[in-house]
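If you count the sequence shown from 1, position 194 lands on 194 in the numbering used here, and the numbers rise without skipping.
Please read the structure below before turning to the comments.
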Amino acid sequence: MTILLDSAGSTNNHAKELIRGGRAHRLFITAQEQIAGRGRGTNTWVSPRGGIYLSLAAPLTGRFSKESLGPRLALAVRRVLMARYDFGITIKWPNDLLCRGQKLAGFLLELVKSPTGQEVLIVGLGVNVNVTPERTQQMWYTPTSISREVGTTVDLPELTLALARDMVHAVYDETMSVTPDDVIREEILLCSATIGHEVTVLLPGGARISGIARDVSRRFSLMLEHGGIITEVDAGDCFHSTPEK
């Protein structure tokens, strides 16, 4: 089911309502704007007209480890953008896309169950394209946009379809060959904005942990060093204390 909305509270929320209501389990939803866009945890995603805001949903196939889903999607979107535009893109753990250390795109992954008990993966993607959101007091980052970086307006429908197609290939399409987790991890390390930086991670529940990001584990956790001790962080919002070089 394809749903094209002028305005939505949150495309992920719209997808969840349809799935939980048993009305659909394969979805492609886009909106011109979101008035209640969401990021990880309690974060909001500022979603004015001129950006890409989409959600894909389909049953989880089990072909990949759940921990690798975010990295696979981040790499897929990065490849699409790097093939089209002449600027560098790095990935901030766990799966935010940055340009010159400024946030360009982000994901929200959610697992929900249909009335039959089927597990469905919802992937929400927000990309700053032809508009650069103003930085608010709640933001821990400075936003940028594709149009700001390339100096011209971008064809939103064409880019939206290209991103959706490659995201489907990355995690939903059962006809595609499976790239091993180890290869995905190596690709993430090569384009990481986080490794080697002092960071603070806001953990689920509100606690914080700080240290130097040393590695990404085979489970795609962040390995933080503080006082000579390595801590493995599975999930959270990561904030860089030192700027990306």
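Ideal placement from N, C-alpha and C gives every residue a C-beta, glycine not left out.
Keep in mind it's a predicted model, so treat the numbers as computed, not measured.
By DSSP, does residue i sit in helix, in strand, or in coil?
i: R40; result: Model confidence at R40 stands at a pLDDT of 48, short of 50, so the residue's coordinates are unreliable and nothing is read from them.
i: T179; result: coil
i: R208; result: strand
i: H14; result: helix
i: D234; result: coil
i: A24; result: coil
i: T160; result: helix
i: R72; result: helix
i: V112; result: strand
i: I188; result: helix
i: D166; result: helix
i: I35; result: coil
i: V127; result: strand
i: L60; result: coil
i: L203; result: coil
i: I89; result: coil
At the level of alpha carbons, what is the spacing between residue i and residue j?
i: C191; j: F220; result: 14 Å
i: V201; j: L222; result: 10 Å
i: F87; j: Q118; result: 40 Å
i: E198; j: T2; result: 42 Å
i: Y53; j: G124; result: 7 Å
i: R78; j: I89; result: 7 Å
i: A235; j: E67; result: 10 Å
i: A193; j: P94; result: 10 Å
i: G115; j: G21; result: Reading the sequence as shown, one finds Pro at residue 115 and not Gly. Approximately 7 Å, taken between the alpha carbons.
i: T231; j: D237; result: 15 Å
i: T142; j: S217; result: 28 Å
i: A207; j: A15; result: 30 Å
i: Q32; j: G211; result: 39 Å
i: D215; j: V171; result: 24 Å
i: A83; j: L73; result: 16 Å
i: R49; j: I209; result: 36 Å
i: L5; j: R100; result: 32 Å
i: I252; j: A213; result: Only positions 1 to 245 of the chain appear in this structure, which leaves residue 252 out of reach.
i: A24; j: E17; result: 9 Å
i: L69; j: G227; result: 31 Å
i: G126; j: L27; result: 16 Å
i: D96; j: K113; result: 26 Å
Does the separation of the CB atoms of residue i and residue j fall below 9 Å?
i: L104; j: L98; result: yes
i: V129; j: L156; result: yes
i: L121; j: P59; result: yes
i: A57; j: I91; result: no
i: I29; j: S55; result: yes
i: T144; j: T132; result: yes
To which residues of the same chain is residue i closer than 7 Å at the C-beta, ignoring the five residues directly before and after it?
i: V80; result: A162, L163 and D166
i: I35; result: S7 and G9
Run through the DSSP bridge pairs and tell me what residue i is partnered with.
i: K103; result: L98 and P143
i: H197; result: In the DSSP output, where bridge partners are listed per residue, H197 has none listed.
i: H226; result: I229
i: F220; result: Its beta-bridge partners do not exist; DSSP assigns none.
i: A8; result: Q34
i: V120; result: P59 and V112
i: S47; result: Q34
Going by beta carbon distance, what residues of the same chain come within less than 8 Å of residue i, once the five residues before and after it are set aside?
i: Y85; result: I146, E149 and V150
i: S174; result: Note that residue 174 is Glu in the sequence shown, not Ser. Closer than 8 Å at the Cβ level, and outside the excluded window around E174, lie T61 and R63.
i: T153; result: N130 and S147
i: F239; result: W140, Y141, V199, T200, V201 and L202
i: S241; result: H197, E198, V199, T200 and S210
Who are the near neighbours of residue i in its chain, counting only those whose CB is closer than 6 Å to its CB and skipping five residues on each side?
i: P71; result: I184, I188 and F220
i: M176; result: H169
i: E225; result: G211, I212 and R214
i: A76; result: D166, M167 and A170
So, does the CB of residue i fall closer than 9 Å to a CB anywhere in chain C?
i: D215; result: Among the chains of the structure shown, chain C does not appear; only one protein chain is present.
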